[in-house]
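Heads up: the structure comes next, in structure tokens.
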Amino acid sequence: MTTLKAKLQDDLNAAIKGRDELRSSTLRMTLAAITKEEVAGKTKRELSDDEVQKVIAREAKKRREAADAFAQGGRAESAEREIAEGGILDAYLPKQLSDEELEGIVSAAVEEAKAAGAEGPRAMGAVMKIVNPKVAGQAEGGRVAAVVKRLLAG
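This is how it looks when you write it as structure tokens:
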């Protein structure tokens, strides 16, 4: 068992013993998503820590999107629970880049792409190809794309 998955399992056991319903249900759903990912495909396999982290990030993103949908639908209590679940999952993810840090990385990539001959909005793919490996797991794709578009337009 990978160390991150083992940590999730240990934290789940502690949450169950401590009767923390929110934490235990969130960790159960996350471990179920990890197990589902492990058995997907033709053969069962063990996920690496990076793959487990991607599953956790995907689950956290689902929580944020659900919270937005509940908030727009006037269901504040459900939105608050989704936000709380997302907060629990965020503890298992690497620290997200601040807007300034992200902008610095993207602007360097834009300069690199321009040096390679890519110009204007059509350079988006080239810039994203440079930026994505640098910010993997530390910034959401939509956030990165928005900064890239803004810097290419400006």
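According to numbering that gives the first Met the number 0, the residues represented by the sequence shown are 0 to 153, in order. Cβ atoms here follow ideal geometry from the backbone N, Cα and C, with glycine treated the same way.
Residue i - DSSP class collapsed to helix/strand/coil
i	result
Q137	coil
S77	helix
T25	helix
S47	coil
S106	helix
Q95	coil
T2	helix
T34	helix
Residue i to residue j span [Cα, whole Å]
i	j	result
A108	N131	10 Å
K43	D9	22 Å
D67	L26	21 Å
K6	Y91	9 Å
K133	G72	36 Å
A135	A114	23 Å
R18	A65	25 Å
R74	A13	30 Å
E118	L21	49 Å
Cut-off 8 Å between Cβ atoms - residues of its own chain near residue i, not counting five sequence neighbours on either side
i	result
V54	T29, A32, I33, E36, L46
V105	V126, V130, V143, V146, V147, L150
Whole-angstrom C-beta distance between residue j and residue i, which should lie under 8 Å
i	j	result
S24	I15	Not confirmed; about 10 Å, so no contact.
F69	A56	Between A56 and F69 the Cβ distance is about 20 Å, and since that is not below 8 Å, they are no contact.
Q52	Q95	Wrong, their Cβ atoms sit about 13 Å apart, outside the cutoff.
L88	E58	6 Å
K60	E139	7 Å
6 Å Cβ shell around residue i - same chain, five flanking residues per side excluded
i	result
R62	E81, E84, G85
E111	I129
T103	In the sequence on display, residue 103 carries Gly and not Thr. Same-chain partners within the cutoff: there are none.
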